[in-house]
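Trainee: Numbering (full-length UniProt numbering), first residue to last: 1 to 336. Here's a structure for you.
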Amino acid sequence: MHIITNTNKTNNSSSKSNTKNQVPQPKKNNYGEKQPSKQQQVKRNKGKSRQLIIHQPQPGATHQQPDVEDPDIMEVVMAIDNAVISKTKHKNRRKSNAKKEVALALPEVTPELDVNRVTELVTKIDHQDKDLCVICHTDLTLEHVQLTHVKSCNHVFCYPCIKTWSTEYVPKCPLCKVPVTALCREGFEDEIIENNKNEQPKSPRGGPLDCLDHAYFLREIGILLSEAKRVLCGLERTNSSFNSNYKYNSRSKAAHQQRFSALKEAELTLTYMRGEMQSLGEIDPFFTLSQLYKIQEIIVHNSENREEERYDEDDYYNDDYDDDIELERRYGYYDN
1 MHIITNTNKT NNSSSKSNTK NQVPQPKKNN YGEKQPSKQQ QVKRNKGKSR
51 QLIIHQPQPG ATHQQPDVED PDIMEVVMAI DNAVISKTKH KNRRKSNAKK
101 EVALALPEVT PELDVNRVTE LVTKIDHQDK DLCVICHTDL TLEHVQLTHV
151 KSCNHVFCYP CIKTWSTEYV PKCPLCKVPV TALCREGFED EIIENNKNEQ
201 PKSPRGGPLD CLDHAYFLRE IGILLSEAKR VLCGLERTNS SFNSNYKYNS
251 RSKAAHQQRF SALKEAELTL TYMRGEMQSL GEIDPFFTLS QLYKIQEIIV
301 HNSENREEER YDEDDYYNDD YDDDIELERR YGYYDN
């Protein structure tokens, strides 16, 4: 017969008393942080508790909405954003209104047209080569040429050319299209040109130039442009050989550069004329043809491969002289 003692009972009672005397440890979240007590939590009307976690912005980070799905907080954030945007719009609107008020307060200014200045610009742009008559391409610096200028615009031509042009063909200046009222020559009285508007102007050179429209000139300009670019490509290849071969004399290089510059200017002129034709403005067939003939002559003249420029009588090419220069450059002495 076993005797049951009260040892177990006493142990159980002592453990229970120790458990009651222990202070409860606060709970921790997944990040090791102590959770606030119930008294520190925010009480809602329905008795549910929640925490408001505010994330501090990182340096260089853009503005982001807080990670809160509470509709009340989201409503407050949206209201703040709308207030900032409306304030910026109001500020920009005030600036634009101030600019409009300043513009309306300024007096309306209408500049006066300086006819002399316009004529000077037209002369500079349309008549860059003042030593040539644009009608017959005669050198105006020659002594036998009778210089005549149009009184209304001061453009200079040969007397027979501008006389025939203004009386038999078109009574307007070939350059600026100003009506020709009088021709002025040195030592002569001003010659009045009667402008009969009822008569239809004749076609220059007696040819039917009225049929030459924009399409015709665009086609001719395109052909000349292609030819000019082809010759320029050839000259560029020759220029590369000049740079790689020192045996070309200085006169050949200067002549090559002159040909290249003339062709480049012709290419730019053709490009400008093509733009004018594409704008479908009023054209003068006779004057446009004369310009195309002149440009064609420049292209043909500079496209010829004239090897005599390298060895001519005035600048004889001496192989020994170039060899001496090369020896001096390399070794510092001549080979006598």
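Ideal Cβ positions, reconstructed from N, Cα and C, are used throughout, including at glycine. If you're wondering where the values come from, they're calculated on a predicted model, not measured in any experiment.
Just to confirm my understanding: we take LEU225, look at its own chain, exclude 5 residues before and 5 after, and list those with CB closer than 8 Å. What are they?
Mentor: Answer for LEU225: GLU267, LEU270, THR271, ARG274, listed in chain order.
Trainee: Since I believe PHE157 is in contact with ILE192 (beta carbons under 8 Å), could you give me their beta-carbon distance rounded to a whole number of angstroms?
Mentor: At roughly 17 Å, the Cβ-Cβ gap does not stay under 8 Å, so ILE192 and PHE157 are not in contact.
Trainee: Where SER152 and ALA182 are concerned, what is the direct C-alpha to C-alpha distance, given to the nearest angstrom?
Mentor: Each residue's alpha carbon lies about 7 Å from the other.
Trainee: Relative to the C-alpha of GLU297, which residue among GLU227, TYR169, THR167 is closest?
Mentor: Per the Cα distances, GLU227.
Trainee: To which residues of the same chain is SER290 closer than 8 Å at the C-beta, ignoring the five residues directly before and after it?
Mentor: Counting only Cβ-Cβ distances below 8 Å, and skipping sequence neighbours, we find VAL134, ILE135, HIS137.
Trainee: With 16 as the cutoff for other CB atoms within 10 Å, does LYS89 come out buried or exposed?
Mentor: LYS89 should be labelled exposed.
Trainee: Using DSSP with H/G/I as helix, E/B as strand and the rest coil, what is GLU139?
Mentor: Looking at the sequence provided, one finds Asp at residue 139 rather than Glu. In the structure shown, ASP139 sits in a strand (DSSP, three-state: E or B).
Trainee: Within the same chain, show all residues whose beta-carbon is closer than 6 Å to that of ASP190, passing over the 5 residues directly before and after it, in chain order.
Mentor: Excluding residues within five positions, the ones whose Cβ falls inside 6 Å are ALA182, CYS184.
Trainee: Short check: CB of LYS177 to CB of ASP284, under 9 Å?
Mentor: Cβ atoms of LYS177 and ASP284: closer than 9 Å.
Trainee: Here's the rule I'm using: 16 or more other beta-carbon atoms within 10 Å means buried, otherwise exposed. How should PHE217 be labelled?
Mentor: With 16 or more Cβ atoms within 10 Å of its Cβ, PHE217 is classed as buried.
Trainee: Do you know offhand how far GLY222's Cα is from GLN278's?
Mentor: Their backbone Cα atoms lie some 12 Å apart in a straight line.
Trainee: From GLU236, LEU142, VAL76, SER166, pick the residue whose C-alpha is nearest to that of VAL150; which is it?
Mentor: Measuring from the Cα of VAL150, the nearest candidate turns out to be SER166.
Trainee: Exposed or buried, what is VAL76 when buried is set at 16 or more other beta-carbons lying within 10 Å of its beta-carbon?
Mentor: That one is exposed.
Trainee: Grab me the residues of ASP213's own chain with a C-beta within less than 6 Å of its C-beta, minus the 5 sequence neighbours each way, in chain order.
Mentor: There are no such residues.
Trainee: Give me the Cα-Cα distance between HIS301 and ASP139, rounded to the nearest whole angstrom.
Mentor: If you take the alpha carbons of HIS301 and ASP139, they lie about 18 Å apart.
Trainee: When you compare each of ARG259, ALA255, ALA215 to LYS229 by their alpha carbons, which one comes out closest?
Mentor: Among ARG259, ALA255, ALA215, the Cα nearest to that of LYS229 belongs to ARG259.
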